[in-house]
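Here's the structure, in structure tokens; my notes come after.
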Amino acid sequence: MITTLIYSLTGLILFGMGFFTLIIHSHPLRKILAVNVMSTGVFLILVATAYIPLGEGEIDPVPHAMVLTGIVVSVSVTALALILACRIQETSNSSLPGRKQQGEVPEESIR
Amino acid sequence: MNWGQWLLVSILLSSFIPGIIIFGLPEEKHRLRTVLNICGSIAKIALVLIMDIGVYFGHIFEIRLSIIPGVELLLNGDPLSALFATLSSVLWLLTTVYAVGYLEGSPNRSHFFGYFSLCVTVTIGIALAGNLVTFLLFYEMLTLTTYPLVIHRGTEKSQRAGGNYLIYAFSGGAAFLFAVVSLQTIVGPVDFSAAGFPSSFIESHGAALILIFILLIIGVGVKAALVPLHGWLPQAMVAPAPVSALLHAVAVVKAGAFGIIRIVLDVYGPQNLLLLGVLPLLGGVASITILYGSIRALQQDDLKRRLAFSTISQVSYIALGMSLADQPLAVIGGLVHLVHQGLMKITLFFCAGNLAETLGIHRISEMNGVARRMPFTMAAFSVGALGMIGIPPTVGFVSKWYLGLGGLAAGNWWVVAVLAVSSLLNACYFLPILTRAWFGKQQEPWPEEQYIGRFETRLMLLVPPLITAFIVIAAGVVANAQVSPLAWVRFIVRGYTL
Amino acid sequence: MTVFQFSSPAWMVCPVILPLIAGLLCFLFSHRTFAIALAAALTNLLVVCLLTGQLLVFGPMRCHMGGWQPPLGITLRTDGPALLMLLMTAVTGLAITLYARGYFSYRISDPRRAGRHQRQQRYFWPLWMLLLAGLNGLFLSNDVFNVYVTLELIGISAASLAALSGKPASLLASFRYLLVSLLGSLTYLFGIVFLYRSNGVLDLGLLQNLAANGLGIRTALVLMSVGLLLKTALFPLHFWLPPAHANALAPVSAILSALVVKGSFYMLFRFWFEIFPSTITQPTLNFMGTLGAVAVLWGAVQAIRQHRLKLMVAYSTVSQLGYLFIAFPLARVDGGIPVWSIVIFIALAHACAKSAMFMAAGTVFLHLGHDRIKDLSGVRASLPITVFAYGIAGVSLMGLPPSGGFVGKWLLLTASLGSSQWWWALVVITGSLLASIYVFRVMSRLFVIPEGFSLKKSEPHFRLLEWPALALALISLFLGLAASWPLHILVHGTTTLAQVFVGGLP
Amino acid sequence: MSRTGKSHKRLDGFQRLLLLLVICMVMLLGYIIWSTPGSKPVLTDAVAQMQEYSGVESPVTAVLLNFRGYDTLLEVMVLLLAVIGTWSLTEAFFPVQGSEISPVQMGAVRLLAPVMCLVAAYLVWQGSHLAGGAFQGGAILGAAGVLVLVTELPGLRTIPVLSLRIGLVLGPLLFTGTALFCLFITGDLLGYPKGAGGWMILLVETGCAVSIGLTLALLFAGGRPDKESIWKNNP
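Going down the list, the protein sequences come from chains A, B, C and D. For the first sequence, counting from 1, position 16 maps to 15 in numbering that gives the first Met the number 0; every step adds exactly one. For the second sequence, counting from 1, position 422 maps to 421 in numbering that gives the first Met the number 0; every step adds exactly one. For the third sequence, counting from 1, position 439 maps to 438 in numbering that gives the first Met the number 0; every step adds exactly one. For the fourth sequence, counting from 1, position 40 maps to 39 in numbering that gives the first Met the number 0; every step adds exactly one.
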């Protein structure tokens, strides 16, 4: 029980941290990372619920399946968001050659 | 569907279908368009006459279409709607003829005539509406169909006027909608009927019903141009003359006045209104409008603007008549003025359009001696103007006579006073025009003389005002005959227990 | 085979599976993608009509995926509201498909940027088809987690579509849209966690039967609602919508404004009024109504202030979405108007009118090369049908009779005045007046043909651009006259609890 | 580096308020989690009962591909959607210059890639009774793909675009096809016929693993391939 609680609370804190970062930072990469941290938090809580009342080593498979789905979704969105961020940087500042400096998206570009 | 329902539908379709076809016609097909228009309007007159006869012999015309519970479209042919429908369809035919002549050679005519037809369809819809929801439907559609006509010229000025018109009209529509929904939540769906709603509601919801009545009157008052809701009307004069004629005599202003009649006689019913005690309010607003319109008309030099303020003043006679709803004579006066004012005002606007189109005259100060150049037009104009003043044997006299009798019967001396003052004012702003035109001496050349031909102007421009002027006199002379506007109005009033 | 019988519930999977396959095929092949998409959209419409017939004959139906009953498996079900939303999607979707064809072929005919436009078209079709599948899946779904997956499907495809034009503004807007949508679905997923912790089931039907009022359920509901509201763009959370909708390609704007926001709203509505009606308190509903009222007024004022046509239409979406929420506090009026019908009506009318309006705006944009409102004069001369469509759609947005928007507003007014909550009625009326201002501000430009204006003959390509818009606009207009029809469907098939709200209709 | 300096700045008023709100929210939710003990999931028993009919032994796989297979079907589409989305945005970009690749890296990848493929295949196969399955296998495959991409090995880069597309669509199409096949046979979408569940799931998983692996690798590539194949004309 206490293990589950620890996992859940950790997940919760991750969610909160992610949310805070998402709002205050304007940099796209940070935003993407923040959302990722948030989703990790949610997944953690979800996995923790799988474990709750049984205690006989038996687990509930449904949350696992849900987390797996969630992870896949998160991967897809992260990939899309990253590439979108790169495109924004390319188009907003076409003098920069190529995509080498991936972190160098102008800060004021997204708010 | 029985034949009566088919008749109602085909009355609407007789102008709707030509309108839709005209939208699709290429610009160059003038003849086809004109033929469609004229055929449509003749067919409409024939159909409306059939309906009139049916109504006279007591046939019930009715179509219902339930949309959602509480919202029902109801087309209904009763004597009152027959009156307005007949007026609109007859005047539409004349206006169409006039418009064909007036717009010869100008661009975007498909557009114009398309909306023109739709506009008349909607007006007839207002006439035939059998309950408040249907009335609201056509009332809002009237705004939409007349707007393109108002801004037809496309100038900056006309756009501004159009925008103003919309703001007034939609605000009025909003007040009307609010009131209709409120009324329905209190008394349930109301069909137009001679009795109005049961008077038991007055005890329980008196204040709300008064408020709703005021809102309803504001809603229709915007189109009827009651002061202080009249601001759009003089501005809308930028539209072409046939449109002005349509707006003032047939469609918009009349729709507002007709709405007042419906609300007073059919929605609330005179008895309920007496119990609520709101009729003097209406009477006061109407009197103020009558006097204000006349005084403002005095100050105008622009002919069309003077006519516009005159309209504001004259239409309120109808409201004045309705404010004495318990007096049959006053009601007769108000109702018959619906027809009479339309005939007179359309004559005046036709003539003003002729002056502008033929000689480029827009101002009264340019009219010196114009009667010698255009005697027929000015003769028609004079008939209309004398009618407005109320000189017998024109129709204007008939309406004022009945209104005055009604006022006396009610013991309201101020009604007579208002009528007298307003007639005086009418004379003050119309007679100078007539003297200028007939006895003045032309000092400078006409501003823009465009037409020189066998007649004083194009035949299609000349015939409609002559016909309406003839009716103005004829309907006054034969007012007591079996078939006349007055006779029909008496027939209507017989249906109410006043 | 039993699958093909009229009574088979298996028809329900078609609206999801068919666009899905079409999407895959569109991605796989580079030719005839339009034909594939059109076939899918047409079949979709046919199947939805069939489902409607089914509903009218047999009432609400369920289809268990894989044959597994809940709580184990996922269930799809049809009922009145779901079917109306499906019908809305199918009809609007078909029109948008045709319009998109016209749009892209017109743009490709311009040789300067043909390559880029060809590419846009290439990816538009698979994205659109998958979005359609997601929407249909959402409307049919009866499982909390499945809703999450469909929401993601919708969110990602919508964001990709919004970015399709490739302009910096649209990329930025779409990035924000993607993040917001992800944030929304994460919050929703968080809610699912609480729901699952408390009840251990995911099926909506089962959740509905649990008379659960615990803290866990409430938290779950709050989280899920916040997530869905974010996606629906209710007033303070609407910041992402206007740029995303306005900067996208015209068919995409139509899709986003007409359909995508409705998906999350529909789910929100289901949760509040069908699944957990007893958990919601009246103050909460009043709060939502207030937000909706502010959205109506604020969105309309913003729309009036815009200088670009598409931005104006996008802000009008913010405003119109507010009406949906004004229905919330009126839901519990005794013996009053069924709240389902109000909401469904407004949603249907808005979907048709708004997509027509965006299509018209897109056509105008293509024709002129810009959409600055002050320079729109004379468009009527070359695009009469488009202007007409714009006008009719505007009539519906303003809520003038006899449009569907009018019926929706009428229902709102009746409900609010019937329960003596006249302030909602005032908001509705003021919103309509403001709407008339922003609609006619553009209309007056479009209508005017300035003097000396030379008529440009419209290209043949415009036919596919103009008629779908007009068709949708006319549908939104006649929706008002045929209002008893959707109500009939609605009454015929609602699940038990929803019937409480629909009760009182003949 | 200069950017990181920004995070050391003191928080302004709005940010502090937000921090406070977030902390409150976290504490509130923490309290709720703490105070509402989870109920016994109804589903665990249901899964356990129906396990034997599912055709696989691992409960997670049973849920993923049988009981809630419809979810997974849509989820596979989400992945594909990400690829379509990125392809619509931009062209692929090869992140590492050829000259920078060290021989050690080359050698390692040469050795690793086949092994990873093997592991992936094993994961997919064992998914029926232990932890593992299409997503795990696909992830390993994707990693292998990424490794191949960052070296100059010909592997992925010479594959023509059409084949890439086919590879991407393979899994989803196979899944949908199976679902429809089941619909025609048993009348239920994804209702596997009795006894056939096991191998059908394996088939779907294999297809999906390939597609998922390819998807991940192509997402890494960051855009659509060039006309003929990926990354031919890179700087």
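For each residue, glycine too, the CB sits at the ideal point set by N, CA and C. All values derive from a computational prediction rather than experimental measurement.
Less than 8 Å between CB atoms is the rule here; does residue i satisfy it with respect to chain D?
{"i": "Thr9/A", "result": "no"}
{"i": "Ile82/A", "result": "yes"}
{"i": "Ala64/A", "result": "yes"}
{"i": "His518/C", "result": "With chain C covering only 0 through 505, there is no way to say anything about residue 518/C."}
Would you mind reading off the limits of the beta strand (DSSP E) that contains residue i?
{"i": "Val561/B", "result": "With chain B covering only 0 through 497, there is no way to say anything about residue 561/B."}
{"i": "His63/C", "result": "Met60 to His63"}
{"i": "Ser65/B", "result": "Phe60 to Ile67"}
I need the boundaries of the alpha helix (DSSP H) containing residue i, first residue and last residue.
{"i": "Arg156/D", "result": "Premise fails: Arg156/D is in no alpha helix (DSSP H) and is neither H nor E."}
{"i": "Leu323/B", "result": "No alpha helix (DSSP H) holds Leu323/B; DSSP gives it neither H nor E."}
{"i": "Phe212/B", "result": "Ser199 to Ala223"}
{"i": "Ser402/C", "result": "That residue, Ser402/C, is in no alpha helix (DSSP H); it is neither H nor E in DSSP."}
{"i": "Ala253/C", "result": "Ala249 to Ile254"}
{"i": "Phe429/B", "result": "Trp412 to Phe438"}
{"i": "Tyr495/B", "result": "That residue, Tyr495/B, is in no alpha helix (DSSP H); it is neither H nor E in DSSP."}
{"i": "Trp422/C", "result": "Trp421 to Phe446"}
Starting from residue i, follow its DSSP beta bridges and name the residues at the other end.
{"i": "Arg371/C", "result": "Arg307/C"}
{"i": "Ala318/B", "result": "Bridge partners of Ala318/B: none, in fact."}
{"i": "Leu75/C", "result": "Cys62/C and Ser140/C"}
{"i": "Arg223/D", "result": "Glu90/D"}
{"i": "Arg362/B", "result": "Asp301/B"}
{"i": "Ala473/B", "result": "None; Ala473/B has no bridge partner."}
{"i": "Ala128/B", "result": "Leu74/B"}
{"i": "Asp202/C", "result": "Asp142/C"}
{"i": "Asp190/B", "result": "Asn130/B"}
Residue i CB to nearest chain B CB: under 8 Å?
{"i": "Leu480/C", "result": "yes"}
{"i": "Trp466/C", "result": "no"}
For chain C, check one thing: does any of its Cβ atoms lie closer than 8 Å to the Cβ of residue i?
{"i": "Ser78/A", "result": "Note that residue 78/A corresponds to Ala in the displayed sequence, not to Ser. Closer than 8 Å: no."}
{"i": "Pro60/A", "result": "no"}
{"i": "Gly190/D", "result": "yes"}
{"i": "Phe219/D", "result": "no"}
{"i": "Glu107/A", "result": "Any reading at Glu107/A needs caution, since the residue's pLDDT is 39, under 50, leaving its predicted position unreliable; the model's value is listed next. Output row for Glu107/A: interface = no."}
{"i": "Ile44/A", "result": "yes"}
{"i": "Ser91/A", "result": "yes"}
{"i": "Ile184/B", "result": "Checking the sequence shown, residue 184/B turns out to be Thr, not Ile. Output row for Thr184/B: interface = yes."}
{"i": "Met37/A", "result": "yes"}
Please check if any C-beta of chain A sits within less than 8 Å of the C-beta of residue i.
{"i": "Arg530/C", "result": "Past the boundaries of the shown model lies residue 530/C; chain C is included only from 0 to 505, so the question cannot be answered."}
{"i": "Ala178/D", "result": "no"}
- [ ] Enumerate, from N- to C-terminal direction, the unbroken alpha helix (DSSP H) stretches of 4 or more residues contained entirely within the stretch 33 to 114 of chain D.
- [x] 41 to 53 and 68 to 88
I want to know whether the stretch 127 to 139 of chain B touches the stretch 371 to 384 of chain B - three or more CB-CB distances under 8 Å. no
Does the stretch 77 to 91 of chain D come close enough to the stretch 38 to 58 of chain D to have 3 or more Cβ pairs within less than 8 Å? no
Worksheet item: Going along the chain, which unbroken runs of the alpha helix (DSSP H) with 4 or more residues stay wholly within the stretch 5 to 65 of chain A?
Response: 27 to 48
message = With three or more beta-carbon pairs closer than 8 Å as the criterion, would you say the stretch 305 to 317 of chain B touches the stretch 335 to 347 of chain B?
response = yes
**Message:** Taking contact to mean 3 or more Cβ pairs, one atom from each stretch, closer than 8 Å, check whether the stretch 351 to 371 of chain C and the stretch 381 to 400 of chain C are in contact.
**Reply:** yes
Inter-stretch contact (C-beta, 8 Å, three-pair minimum) for the stretch 32 to 42 of chain C and the stretch 483 to 493 of chain B: no
Flag this pair as touching only if the stretch 208 to 217 of chain B and the stretch 68 to 84 of chain B have three or more C-beta atom pairs under 8 Å; answer yes or no.
no
Query raised in the report: Taking three-plus beta-carbon pairs below 8 Å as touching, is the stretch 203 to 210 of chain C in contact with the stretch 264 to 275 of chain C?
Result: yes
Check: Below 8 Å, can you find three or more Cβ-Cβ pairs linking the stretch 105 to 119 of chain B to the stretch 20 to 39 of chain C?
Finding: no
Can you confirm whether the stretch 60 to 72 of chain C touches the stretch 68 to 75 of chain D when touching is taken to mean that 3 or more C-beta pairs between the two stretches lie within less than 8 Å?
yes
#### Entry: Stretch-stretch touch, CB-based, cutoff 8 Å, three pairs: the stretch 458 to 472 of chain C with the stretch 75 to 94 of chain C
yes
- prompt: Hey, which unbroken runs of the alpha helix (DSSP H) at 4 residues or more fall wholly within the stretch 236 to 267 of chain B?
  reply: 240 to 244 and 251 to 260
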